[in-house]
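By the count of the numbering used here, the sequence shown reaches residue 99 at its end, each step adding exactly one. Don't be surprised by glycine CBs; every beta carbon is placed ideally from N, CA and C.
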Amino acid sequence: MTTLLDTDRVAALCAQLLNDRFGNAFEFDPIIVERELDDYGDEYLHLYIVFDGDQEELDPSWTAGLSGRLRPLLADMGVNSLPSKSFIEKSEWLENPRVKAW
């Protein structure tokens, strides 16, 4: 099972990958990592990545592969849960139904 400390580390790792790829073109904040269970009871990590910047510059071929880039790095950290992600524009963040009081 993934711990709260692990989710913080996953968020930091995700932020590092995003910042390495996009530099100052975007602000990625917050990055929320939630532990979820799939229909079979297996845990996965859902990353809610809030971004501020020109969405047209958010390279879809790179962002589509983010989960695949994260997976081996998570395994190296001892996190075995599969990652899933959602990118949400900062302007839409408060309207998102997944928003909680963090």
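query: Under 8 angstroms between the Cβ atoms of residue 68 and residue 79?
result: yes
task: Would you identify the three-state DSSP class for residue 83, choosing helix, strand or coil?
output: strand
message: Please classify residue 0 as buried or exposed, where buried requires at least 16 neighbouring CB atoms within 10 angstroms.
response: exposed
task: Let me know the beta strand (DSSP E) ranges lying completely inside the region 21 to 53, each 3 residues or longer, listed in chain order.
output: Complete beta strand (DSSP E) runs here, min 3: 24 to 34, 40 to 49.
- request: My understanding is that residue 81 touches residue 45, with C-beta atoms under 8 angstroms, so please give their C-beta distance in whole angstroms.
  value: Contact flag wrong, Cβ pair sits at about 10 angstroms.
- request: Could you check which residue in 8, 57, 39 has the C-alpha nearest to that of residue 26?
  value: 8
message: Can you find the residues in the same chain that come closer than 7 angstroms, C-beta to C-beta, to residue 6, ignoring five residues on each side of it along the sequence?
response: 74
- request: Determine the DSSP secondary structure at residue 56, reduced to helix, strand or coil.
  value: If DSSP states are grouped into helix, strand and coil, residue 56 belongs with coil.
- prompt: By Cβ distance, which residues of its chain are closer than 8 angstroms to residue 59, with the 5 residues on each side in sequence left out?
  reply: 18
Residue range of the unbroken alpha helix (DSSP H) whose run includes residue 91: Where residue 91 is concerned, there is no enclosing alpha helix (DSSP H), given that its DSSP letter is neither H nor E.
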